[in-house]
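Taken in order, the sequence shown gives residues 863 to 1669; the numbers are from the working numbering.
Cβ atoms here follow ideal geometry from the backbone N, Cα and C, with glycine treated the same way.
Everything numeric in this text was worked out from a predicted model, so none of it was measured.
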Amino acid sequence: MRDCEKTKEQLIDELALLRQEIDDLKANVADRTSEAVARSDRVVELESQFPPTDSAKIRICGLDIEWLPQEQCLLGNLPVAMMWIDTTLASLMAGVQAMIGTERFALILQREGRKSVEADWQVISQSANFAEGFQELSKVAFVAGWGNWQLVSLDWEKQECSFRVKKSWEGRYQKALGVCWGSAMLAGKLAGYCTKLFGKNCWTEQTAFIARGDEFDEFLVLPSHRCIEEEIDKLLASDEASSADMAVALEKLRREIRDRERIEQELRESEQRFRATFEQAAVGIAHIGLEGRWLRVNQKFCDIVGYTREELLSSTFQEISHPDDVNLHMEYLRQLLLGEIQNYSIEKRYLRKDRSSVWINLTVSLRRSSNGTAKYAIAVVEDISDRKQVQAELNRIFHLSFDMLAVATVDGYFKRLNPAWESTFGHTLSHFLNLPFFDFVHPEDRAATVAEVEKLKSGVTTPYFENRFRCKDGSYKWLAWSCVPVVAEGLIYCVARDITERKQAEEALRNSEARERERASQLQQALEELKQAQSLLIQSEKMSSLGQLLAGVAHEINNPVNFIYGNLCHASEYAKDLLGLVELYQEHYTNPIPEIEAEAESIDLEFLMEDLPKLLSSMKVGADRIREIVMSLRNFSRLDESQMKEVDLHEGIDSTLMILHNRIKARSDSPGVQIVKEYGKLPKINCYPGQLNQVFMNIITNAIDALEEGSKEKSHPLATICIRTEVWDSNCVAIRIIDNGPGMSESVRSQLFDPFFTTKPVGVGTGLGLSISYQIVVEKHRGQLRCLSEQGKGTEFIIEIPIRQES
């Protein structure tokens, strides 16, 4: 408050000096005072008649002058005919110039010119550089009547510019009047542009004048310390000051008094705001003398330390400080007074009036006078007792936690660790703190750890993360991390837990599960093989039983058939002889007795003699067919033979076709299947004949099934099965069974030889025929069984059998 009062005194003194100076100036120009007053009265009268407007104009001694070159001229908002503008306006401006003086008039025009710089600069700044922007602005200036502007030179090193302006309205008016004070408004504008361009105050010197007969106005703009207000003040202080200058000085004095009064009011309001802020602050605030005595304290500070304001103002801060904290506080205060530090903030304890301790956060800065001398210290006090208590409790938890707690910096170092780190890894805490924590991370986990730290740097919390940390003995332990970043502090708060045992248990469990899965897979495979073997065994038993049945049937049928077949030739000869004898009797005994004639007629002797040879011949054909069937059954019934034999494959194929004759032949509901045999000359093959017959049976049966399915379509051609045999090399024969059925898709073909795979309806097929055939050809005979098929193009099975089996 004393400072504020002193400032007011200084203001009053300065105002008094200004008034004295003005009185002296008035005494020196007493003879011109009446003229100045008269002119002032005329100016006031003009101001009252023509109030100012917001349009673009200049104001000189209270008179508004606005020129619209495309329309009219406004003098105090009243239109003036353009036909007399060159004389009337120029004369008016000349009158104003004569009234206030050439130099001051030019300075006022410069000031008016500078007022439009901000608006003009918006045009210039829209271009890529100043030269282009100035060119765009010159177009606007030309339309507005400011003449033709040209940027002659721009020197960035010297920071100066040269301009030329043709047909400027200021130059033309002055030339019309026969006077010359320079194009001051243009000079003010150009100085303002260069001040913006170079970032420092510039001043314009005019080097050529249209008013003096030059072709153009020319200006040189340079950096300068000169400014308009200072130039005006110099003019007022000189002996050349006019009566108008005195009027301006008076107005300036009035304005300065108003400014000082406004400042005083603002100071009083500021003082009130400061007092309210000081007293109502949520923290303790105190002013402390350089010797340590309390000068001023607010109520919050009194509440913190438990003393009244009066008690504190009669004591020092040393008296209420905790003895253990006094030296630290004094050292910081010493550094502050010596200028070594600008302020300081510490945590310390005060002793309350009841002698209990209160923790506070103390921030101290120094208040200096205008000459730099220290006056007093400003202290801001915050009660942090609750925070300290919480911090103490957290420290106890921090040190007692079984989990590993850490505070780390974002640049990769631990800042604080609890004892659990030492007991877990064997390293000392100082060892952890002195090395980057990446050095302890397992090499395989380092990249992932760096990535997690980068996310934490950006403020992303890591709820869970695992890596391995190195122990003192070189082994590694697994850690599970949970981290929270505080980006403003550059810190990461972490909790880590040793999960090594869990990881080992998980690894053991995974290994156990892998072993169990492998064992289950083996059991499943064994089960599938067992099922397949069981099915094959059942099928083999069925085929073996069938073979035994067929062998027994063939054997039982073979004896009577041989008996019949063997006696048919004799029966034919006997019948032939008897018929010959009857014919001989008929030839020699043309008139038999009535009894013989009646008997011959009764038995239709002529038909009997004609039909009996045919009957015997038919019986021979049937016997031959029965013999062929029996032979086919005997060939096909070799399923139970356990030894390889050299056989003719053609016999096995023919036997199979003989057994399937009933499905191949034409019927009323089916045209049958055409069998095309293209047998090559094959040697006898060393094989299991019964098993190969089973292969032929399975493949040909499937071909017949496919052809019967395809024959349901009317457009399907005659069903045909082509059986082609040939020798492929010195020790291999091939049997190719080809049908013109509907074929099959690739997905079906790829599963064709899998056990239990079938495309037939449930109950029709077992899905084992081709699987068994594959095993017989590939495993039993070391051959190959392949299938070639495309949908709609039929199917071909290729059986490759070695001629001789290697032992």
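Would the stretch 1507-1524 count as touching the stretch 1478-1485 if we require 3 or more Cβ pairs under 8 Å? no
N- and C-terminal bounds of the beta strand (DSSP E) containing residue 1659: 1657-1664
Find out if the Cβ-Cβ distance for the pair residue 1044, residue 979 is shorter than 7 Å. no
Where does residue 932 land, buried or exposed, given buried means 16+ other C-beta within 10 angstroms? Confidence in residue 932 is poor, its pLDDT being 40 and thus under 50, which makes the residue's placement unreliable; the coordinate value appears in the next sentence. Looking at its Cβ environment, which holds fewer than 16 other Cβ atoms inside 10 Å, residue 932 is exposed.
Cα-Cα separation, residue 1249 to residue 1286: 31 Å
Let me confirm a value: residue 1057 is counted as buried when at least 16 other C-beta atoms fall within 10 Å, else exposed. Which label applies? buried
Own chain, CB closer than 6 Å to residue 1590, minus 5 neighbours either side, in chain order: 1596
Below 8 Å on the Cβ atoms is my contact criterion, and I expect residue 1242 with residue 1167 to pass it. Report the Cβ-Cβ distance as a whole number of Å. Going by Cβ atoms, the distance from residue 1242 to residue 1167 rounds to 14 Å, so no, they are not a contact pair.
DSSP three-state label for residue 1042, please. coil
Cut-off 6 Å between Cβ atoms - residues of its own chain near residue 1604, not counting five sequence neighbours on either side: 1572
Return the bridge partner residues of residue 1350 from the DSSP annotation. DSSP lists no partner for residue 1350.
Residue 1670 - DSSP class collapsed to helix/strand/coil: No statement about residue 1670 is possible, as the shown extent of the chain runs from 863 to 1669 and does not include it.
Cα-Cα separation between residue 1536 and residue 1461, rounded to whole angstroms: 51 Å
What are the start and end residues of the beta strand (DSSP E) that includes residue 1188? Per DSSP, residue 1188 belongs to no beta strand (DSSP E); it is in the alpha helix (DSSP H), 1188-1199.
Classify residue 1094: buried if its beta carbon has 16 or more other beta carbons within 10 angstroms, exposed otherwise. buried
Could you check if residue 1668 is buried or exposed, using at least 16 other CB atoms within 10 Å of its CB as the buried criterion? exposed
Since I believe residue 1026 is in contact with residue 1012 (beta carbons under 8 Å), could you give me their beta-carbon distance rounded to a whole number of angstroms? 5 Å
Quick one, are the C-beta atoms of residue 971 and residue 1046 less than 7 Å apart? yes
Bridge partners of residue 1146, per DSSP? 1243
In angstroms with no decimal places, state the Cα-to-Cα distance between residue 1435 and residue 1484. 18 Å
With DSSP run on the structure shown, which of helix, strand or coil describes residue 1018? coil
Looking only at its chain, what residues have a beta carbon closer than 6 Å to the beta carbon of residue 1606, apart from the 5 residues adjacent to it on each side? 1651
Alpha helix (DSSP H) containing residue 1560: first to last residue? 1551-1572
Under the rule that 16 or more other beta-carbon atoms within 10 Å means buried, what is residue 1283, buried or exposed? buried
Buried or exposed by the 16-neighbour rule on C-beta atoms within 10 Å, applied to residue 1299: buried
Using DSSP with H/G/I as helix, E/B as strand and the rest coil, what is residue 1374? helix
Does the Cβ-Cβ distance between residue 1222 and residue 1245 come in under 7 Å? yes
Sufficient close CB pairs (3 or more, under 8 Å) joining the stretch 1556-1571 to the stretch 1633-1653: yes
Where residue 1183 falls, given that 16 or more other Cβ within 10 Å makes a residue buried: buried
Tell me, which residues are paired with residue 1584 by DSSP? 1538 and 1600
As assigned by DSSP and simplified to three states, the class of residue 1651: strand
Might you give, ordered along the chain, the residues of its own chain that have their beta carbon closer than 8 Å to the beta carbon of residue 999, omitting 5 neighbours on each side? 982, 985, 986 and 1011
Cut-off 6 Å between Cβ atoms - residues of its own chain near residue 1646, not counting five sequence neighbours on either side: 1662
Where the beta strand (DSSP E) through residue 1235 begins and ends: Run containing residue 1235: none; DSSP gives neither H nor E here.
Run the CB neighbour count on residue 1008, radius 10 Å, all protein chains shown included, and call it buried at 16 or more, exposed below. buried
Residue closest to residue 1361, alpha-carbon to alpha-carbon, out of 1324, 1464, 1331 and 1382: 1331
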